[in-house]
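Colleague: Residue numbers (the working numbering), protein chains in the order written: chain A, 765 to 972; chain B, 3 to 280.
Think of the CB as a built atom: it goes at the ideal place given N, C-alpha and C, for glycine as much as any other residue.
Right under this line is the structure:
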């Protein structure tokens, strides 16, 4: 029986940076929707990655995320971005309740020498889709966030990065005594993104 | 410093190219016993997760149920048109009614099959003094499974409560732990295998007598080629005597008393219209 090989597509550094930053944008929206950070009615449904995805219609949040993804794309192209973290905090106490951590491994050869890689677009999208399903089902495996929450985005970059004035240095907003769940990864062959969510221990989970 | 604490046992085991299980995943329930309603909730949540992650349903089960219930409510409200509608309003009303009817029709078969299966499970739990485990099988048939989730449950003694009793914090905690284990283990297909069926089997005393809902399957074994994802949900101080030789460990009662029953209700997944160009 002949095996079917997926045709490969050329991936450039710029293209990969676009894929990863776009992924973050959609993932952030999905997290904000599924974790109830903003009301359901403030989101609109669009089709992406073969899934119905929710995008915020709040102009402030939209602009905020657009600025972020644009900056992330720049850092990714420069090979300077190590990690992005979306932190969900209690509005009342500012305590970090959840950290959605996206770790990025960059192929230095591509950044330094401009080597081009190949991977099927469909396969990348399939990997991303698996992560998005895990985010969408987070209500089934993460403790409920029973209080009003706010969010912030942290970017871990190389030390020599000049951050624009819209970014400030921050502490890591760590969660004390967290639990963690590792999600799927995706790999463009230039950027490998590992996803992990850490969360504040629920009283019922103390035996874990 | 953050440390990982979720245990992972492996992916949705099956014949396909999934991550393989590396031993049963242990899920501890922080209680001496689980009630019938708690076992029901855990199995329901696992079933919903498996269906969604394997692309058999378009959204998570809670959303589907919620949406379907809203549509039915709306249909009931639309049944009688309000009096004195302007022609334009009447047109909008009729359009909306057609749309709601269409959406209900699209989801009816799926939701009915889910409801029938879950209802049968509740009845079974109410009838038996104990249950040793459940198996969720995705595939065209039991003999040709694509994915197998073999879940052993050491629930302690059931009290007099019903599987239909309300949701408890303990049930939510256990189901979340169980699903976290699946997530960490990579359960859920990275490759879509097309719409398929979900079969439910339960292992319980042979006294179960629900002939409309369950068939005894004394010789049930899934294919040796299949690597199941095995999970053991256990209460404090409960033990499983052995977790070798699929599909389940023996109970405290005589082995001949405990057999597999297959639920007659299956869930057929919806075709996933996923276009990766979208």
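Can you give me the C-alpha to C-alpha distance between residue 119(B) and residue 64(B), rounded to a whole angstrom?
Modeller: Roughly 16 Å between the two C-alpha positions.
Colleague: Rounded to the nearest angstrom, how far is the Cβ of residue 272(B) from that of residue 28(B), given a contact under 8 Å?
Modeller: Not quite, the Cβ-Cβ distance comes to about 33 Å (not below 8 Å), so this is no contact.
Colleague: Roughly how many angstroms lie between the CA atoms of residue 253(B) and residue 260(B), to the nearest whole one?
Modeller: Its pLDDT being 46, under 50, residue 253(B) is placed unreliably by the model, and the measurement read from it follows with that caveat. Residue 253(B) and residue 260(B): Cα-Cα distance of roughly 8 Å.
Colleague: Does any residue of chain B have a CB that is nearer than 7 Å to the CB of residue 799(A)?
Modeller: With 7 Å as the cut-off, residue 799(A) does not count as an interface residue toward chain B.
Colleague: Can you tell me which residues form a DSSP beta bridge with residue 271(B)?
Modeller: Paired residues: none, contrary to the question.
Colleague: Residues of the region 43–56 of chain B with a CB closer than 8 Å to any CB of chain A: list them in chain order, please.
Modeller: The region 43–56 of chain B vs chain A, Cβ under 8 Å: 47, 50, 51, 54 and 55.
Colleague: Find the residues of chain A that neighbour residue 181(B), judging by a C-beta separation of less than 7 Å, and give them in chain order.
Modeller: Within 7 Å Cβ-Cβ: 904 and 905.
Colleague: Taking a cut of 8 Å between CB atoms, which residues from the region 866–898 of chain A lie near chain B?
Modeller: If the cut-off is 8 Å between Cβ atoms, the region 866–898 of chain A has 885, 886, 889, 890, 891, 893, 894, 897 and 898 near chain B.
Colleague: Give the single residue among 875(A), 876(A) and 848(A) whose Cα lies nearest to the Cα of residue 863(A).
Modeller: For the residues 875(A), 876(A) and 848(A), the minimum Cα distance to residue 863(A) belongs to 848(A).
Colleague: Runs of 4 residues minimum, wholly inside the region 163–237 of chain B: which ones carry the alpha helix (DSSP H) assignment?
Modeller: As far as the region 163–237 of chain B is concerned, its whole alpha helix (DSSP H) runs of at least 4 residues are 171–186.
Colleague: Please tell me whether residue 901(A) has its Cβ less than 7 Å away from any Cβ of chain B.
Modeller: Chain B, which has a Cβ nearer than 7 Å to the Cβ of residue 901(A), makes this yes.
Colleague: State buried or exposed for residue 182(B), treating a residue as buried only when at least 16 other CB atoms are found within 10 Å of its CB.
Modeller: Label assigned to residue 182(B): buried.
Colleague: Residues in the region 57–87 of chain B with C-beta within 9 Å of chain A's C-beta atoms, listed in sequence order?
Modeller: Going along the region 57–87 of chain B in chain order, one finds 57, 60, 61, 62, 63, 64 and 65 with a Cβ nearer than 9 Å to chain A.
Colleague: Please decide whether residue 946(A) counts as near chain B, where near means a Cβ-Cβ distance under 7 Å.
Modeller: So, interface residue.
Colleague: For the region 159–176 of chain B, which residues have a CB atom closer than 9 Å to at least one CB atom of chain D, in sequence order?
Modeller: Judged by its chain identifiers, the structure shown contains no chain D, and its protein chains are A and B.
Colleague: Are the C-beta of residue 40(B) and some C-beta of chain A separated by less than 7 Å?
Modeller: Residue 40(B) does not count as touching chain A.
Colleague: If we count the other Cβ atoms within 10 Å of its Cβ and call it buried at 16 or more, is residue 40(B) buried or exposed?
Modeller: So residue 40(B) ends up on the buried side.
Colleague: Can you tell which of 914(A), 933(A), 867(A) and 897(A) has the C-alpha that lies nearest to the C-alpha of residue 951(A)?
Modeller: Among 914(A), 933(A), 867(A) and 897(A), the Cα nearest to that of residue 951(A) belongs to 867(A).
Colleague: Within 7 Å (strictly less), CB to CB, does residue 145(B) reach chain A?
Modeller: So no, residue 145(B) is outside the interface.
Colleague: In angstroms, rounded to a whole number, what distance separates the CA positions of residue 172(B) and residue 784(A)?
Modeller: Straight-line Cα distance between these residues: approximately 38 Å.
Colleague: Does chain A have any CB closer than 7 Å to the CB of residue 98(B)?
Modeller: So no, residue 98(B) is outside the interface.
Colleague: Which bits of chain A does residue 270(B) rub up against, with CB to CB less than 7 Å?
Modeller: Within chain A, no residue comes near residue 270(B); the closest Cβ sits about 20 Å away, beyond 7 Å.
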